[in-house]
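Q: Before anything else, here's the structure in question.
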Amino acid sequence: YKGSGAEGTLVTFCPVKEGCPPSQSRSFRELLFNGCILFGIEFSYAMETAYVTPVLLQMGLPDQLYSLVWFISPILGEPQPALMAHVWGCRRPVYWWVTLCLFPGALLGLSLLLNGRDIGTALADTATNHKWGILLTVCGVVLMDFSADSADNPSHAYMMDVCSPVDQDRGLNIHALLAGLGGGFGYVVGGIHWDRTGFGRALGGQLRVIYIFTAVTLSITTVLTLISIPHLQHRQRPHRLLHGRPRQLPGPPWQRPQAGCGSVVQSLGPNKTQQKSLVSFVISKNGLVKGPGRSFCNPGPRPSLLLPGWLSFEGMLLFYTDFMGEVVFQGDPKAPHTSEEYQKYNSGVTMGCWGMCIYAFSSKKVSCLSVRTLYFIAYLAFGLGTGLATLSRNLYVVLSLCITYGVLFSTLCTLPYSLLCDYYQSKKVSFAGSGADGTRRGMGVDISLLSCQYFLAQILVSLVLGPLTSAVGSANGVMYFSSLVSFLGCLYSSLFLAVD
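Heads up, the sequence shown is in UniProt numbering, so the first residue is 1 and it goes up one at a time.
Pasting the structure below:
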């Protein structure tokens, strides 16, 4: 929403309603380029998740503190998507601002993340004291995480705004495919022993090669995304009701009733059920939430359903390479660099990248299953996969279990947004809480609510896993945590998710 004088103007981007220019069909090239930034982001995430924990442990960071590295960036990122969705009604300026302004931040964070140890050594660090290296690496993680997360959400939101319902489904599938490919190729690059090649030795070692590949990939994909879909200037409409009466500007989202993404301001009138104090227990595909004898319409999938999924997945993802190095390969990141234990740990980290590569390439939505079944199977498979990984030291068994990680990742990245699109496109939806002034909440806020679950999960993981790993005495604690939370998510989805 944009305010102008006594009356505001509504900038609309919903393709579903009649009269919106973006309702034209989008070409495959436009949808592909629009999602390219996800390829670059996931490529960068692959490098980050694979090497941050090993690098920090090798510099001497205590086990009980290493998970706190991931604490600051989600604190900054948690309120950011919803705030931006409220401040700017037109998503294209947000899209350009996020991509252009936060892309340099991601690149700078990547530089500090992968070169922090070398920069610290150039400043004042010694062979036994890497305080500057640890500080710079942590700053790089925070900057990289915050910048990349902030650039991710507008890509989904803008694609949903400017695409028809058919193109939205195509776009979401392309986004999921590119994200999986980006992470997969990122882990492939990280899984190669560049120190053993002439190219790697010429550039200065493993981390230097990884940095160059990641920086080039992120730059190219950002440019492709910026030129993906032309910016269409949409006609601005005055804030009026259907009967032509002027109305006041809408308040902030936490004071607004529920809303859809209609391009024409409509007054739908409150239902009787909207005037009650309501308690929700289950949610349907069309947004119908049912309680004991009471029901009302609520937009999209329940965000809380995503929390156990992201909790278990983030716990595994951020520390999987450390698990491979310490538990499977029996290495020690703090051993002398010339020792066999140190070399085993590095080999485990590299092999962990190949395991993550398997999960990334196996991320594929199983469209033949119902929503409830897919949620249940995704959580169940992930819980079994992480649990069995702690029981076996066989490398091939542990690597094959990575397929189950891809099932959950694909579900978390696509299914909630698909349900949200179905909700807003359904003509049977009665939007709860539409007030007399016609104000309604848009799709961008709901997308932000879904995205915020990722940040919340990372905050909780960063607080819990360090002390848990220290108490257990090995990286097995990470997999125990992920398996338990995933089984809880499986139970939650089977009891409280009802999709019609």
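All residues carry an ideal CB built from backbone N, CA and C; glycine is no exception.
Between residue 385 and the rest of its own chain, which residues show a CB-CB distance below 7 Å, the 5 nearest in sequence each way excluded?
A: 401, 404, 405
Q: Please say whether residue 362 and residue 172 have beta carbons closer to each other than 8 Å?
A: Going by beta carbons, residue 172 and residue 362 fall outside the 8 Å limit.
Q: Quick check: what's the CA-CA separation for residue 175 versus residue 218?
A: 16 Å
Q: Within its chain, find whatever has a CB closer than 6 Å to the CB of residue 36; leave out the 5 residues flanking it on each side and keep chain order.
A: So the list reads 221, 224, 225, once near-sequence residues are dropped.
Q: Sorted by chain position, which residues of the same chain lie with C-beta nearer than 8 Å to residue 491's C-beta, five sequence neighbours on each side aside?
A: Hits under 8 Å: none found.
Q: Do residue 316 and residue 352 have their C-beta atoms within less than 8 Å of each other?
A: no
Q: Which one of 44, 143, 207, 75 has the shortest CA to CA distance from residue 55?
A: 207
Q: Could you give the DSSP three-state label for residue 219: helix, strand or coil?
A: helix
Q: Check residue 501 in the structure and name its three-state DSSP category.
A: Because the chain in this structure spans residues 1 to 500, residue 501 falls outside the shown range and cannot be described.
Q: Apply the 10 Å Cβ neighbour rule to residue 115 and answer buried if 16 or more other Cβ atoms are within range, or exposed otherwise.
A: That one is buried.
Q: Apart from the five residues on each side of it in sequence, which residues of its chain come closer than 6 Å, Cβ to Cβ, to residue 525?
A: Absent from the structure is residue 525, since the part of the chain shown begins at 1 and ends at 500.
Q: Candidates 27, 464, 117, 388: which alpha carbon is nearest residue 164's?
A: Ranking the options by Cα distance to residue 164, first place goes to 27.
Q: Compute the Euclidean distance between the alpha carbons of residue 43 and residue 358, then round it to the nearest angstrom.
A: 14 Å
Q: For residue 146, which option in 160, 179, 132, 70 has the closest C-alpha, if you only look at C-alpha atoms?
A: 70
Q: Which residue from 466, 381, 345 puts its Cα closest to that of residue 66?
A: It is 466.
Q: Look at the alpha carbon of residue 377 and the alpha carbon of residue 149, and state the distance between them as a whole number of angstroms.
A: 27 Å
Q: Which term fits residue 338, buried or exposed, when burial requires 16 or more other beta carbons within 10 angstroms of its beta carbon?
A: Result: exposed.
Q: Hey, how far is the Cα of residue 413 from the Cα of residue 479?
A: 21 Å
Q: Since residue 167 is in the alpha helix (DSSP H), which residue starts that stretch and which ends it?
A: 165 to 191
Q: Classify residue 63 as helix, strand or coil using the three-state DSSP reduction.
A: Note: residue 63 maps to coil in three-state DSSP.
Q: Since residue 354 is in the alpha helix (DSSP H), which residue starts that stretch and which ends it?
A: 340 to 361
Q: Using a Cβ-Cβ cutoff of less than 8 Å, which residues in the same chain neighbour residue 195 once the five nearest sequence positions on both sides are dropped?
A: 201, 205, 206
Q: Here's a check: name, in chain order, each residue in its chain whose Cβ is nearer than 6 Å to the Cβ of residue 462, leaving out the five neighbours to either side.
A: 67, 68, 70, 71
Q: Would you say residue 34 and residue 229 are within 8 Å of each other, going by their C-beta atoms?
A: yes
Q: Specify the secondary structure class of residue 197 as computed by DSSP and reduced to three states.
A: coil
Q: Assign residue 103 to one of three DSSP states: helix, strand, or coil.
A: helix
Q: Please identify the residue among 136, 170, 127 whose C-alpha is closest to the C-alpha of residue 30.
A: Nearest option by C-alpha distance: 170.
Q: Is the beta carbon of residue 57 closer than 8 Å to that of residue 333?
A: Yes, the pair counts as a contact, with Cβ atoms nearer than the cut-off.
Q: Go ahead and pull the three-state DSSP assignment for residue 332.
A: In this structure, residue 332 counts as coil in the three-state DSSP scheme.
Q: Quick one, which of 117, 122, 143, 126 has its alpha-carbon nearest residue 134's?
A: 117
Q: Which term fits residue 124, buried or exposed, when burial requires 16 or more other beta carbons within 10 angstroms of its beta carbon?
A: Classification of residue 124: exposed, given that the 10 Å Cβ count is below 16.
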